[in-house]
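Each residue of the sequence shown is one higher than the one before, counting from 96 in our numbering.
We put the CB at the ideal spot given by N, CA and C, even for glycine.
The structure presented is a predicted model; accordingly, all values stated were derived computationally and were not measured.
These notes concern the structure reproduced below.
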Amino acid sequence: MDEGTLNDLLECSVCLERLDTSSKVLPCQHTFCKKCLEEIVEKHKELRCPECRVLVQAKVEDLPPNVLLMRILEGMKNAGNPVLKKVHRANRSPNRIQSNPTTYPATPIHHQHGTPDHRTTSNKHQNLQIAPHQPYAIAAYDYTSREAGSELQKRRCDHLKEKDR
Numbered sequence: 096m097d098e099g100t101l102n103d104l105l106e107c108s109v110c111l112e113r114l115d116t117s118s119k120v121l122p123c124q125h126t127f128c129k130k131c132l133e134e135i136v137e138k139h140k141e142l143r144c145p146e147c148r149v150l151v152q153a154k155v156e157d158l159p160p161n162v163l164l165m166r167i168l169e170g171m172k173n174a175g176n177p178v179l180k181k182v183h184r185a186n187r188s189p190n191r192i193q194s195n196p197t198t199y200p201a202t203p204i205h206h207q208h209g210t211p212d213h214r215t216t217s218n219k220h221q222n223l224q225i226a227p228h229q230p231y232a233i234a235a236y237d238y239t240s241r242e243a244g245s246e247l248q249k250r251r252c253d254h255l256k257e258k259d260r
C-alpha cells in the first residue's frame with residue numbers, strides 16, 4: 096500500500112489529521128477524531144455524522160472506539176512499517192498542507208460463488224475484482240438538504256457516488 100492511500104484511510108475527513116486510538120466510530124460506521132466530534136456538538140448542539148448526516152443520539156464519550164482502526168495502528172506500529180513512520184513524521188508538522196488531491200479506493204465487487212449464503216462458501220474473496228465506478232454506498236433513507244442553494248436530494252436506495260460528497 097502506498098503512502099497516499101494509507102494517509103487517506105487513516106485521516107479524519109473533517110480536520111484531515113491522522114486518526115488515533117481516541118477516534119470514535121458512529122452508529123453509521125464512519126470514524127472521526129474525538130476532538131472534531133466534540134467541536135460539532137459544541138457548535139450545533141447535536142451530533143450528525145459529517146459524512147452521511149445521520150443524527151447520533153449518544154454522547155461523544157459514550158461512542159465506541161474503532162476497534163479495526165486500533166488493530167491496524169497497533170499492527171503497523173509493531174511491524175515497524177516504514178510508511179507509517181513517514182506518515183507519523185508528516186502529521187507531526189503543525190502546518191501540514193496536503194499537496195496531493197484526495198483519492199478514493201475503487202469499490203470491490205464480489206462474484207457470486209453459486210451459494211445463497213457466503214458463510215457456506217470457502218475462500219469467499221478468491222474472485223475479487225476492482226470496479227472503479229461503482230457506487231460508494233446506497234442511501235438508507237430519504238434526504239433533502241436544508242442548506243440554501245443546495246440541490247442535494249436523495250431517495251432511499253439511491254446510489255451515492257463521489258460527486259455526491
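Query, Result
"Simplified DSSP state of Asp116, which is helix, strand or coil", "As written in the sequence, residue 116 is Thr, which differs from the Asp given in the question. Residue state, collapsed to three classes: coil."
"For Val136, the first and last residue of its enclosing alpha helix (DSSP H)", "Lys129 to His139"
"Cβ shell of Arg143 (< 6 Å), same chain only, five flanking positions each side left out", "Leu150"
"Element boundaries [alpha helix (DSSP H), containing Leu163]", "Val162 to Ala174"
"Own chain partners of Cys131 with C-beta closer than 8 Å, once the 5 adjacent residues on each side are dropped", "Cys107, Val109, Cys110 and Pro145"
"Coarse secondary structure for Glu106, derived from DSSP in three states", "strand"
"Burial state of Lys154, where buried means 16 or more other Cβ atoms lie within 10 Å", "exposed"
"Classification of Leu105 by the beta-carbon crowding that lies within 10 angstroms, buried from 16 upward", "buried"
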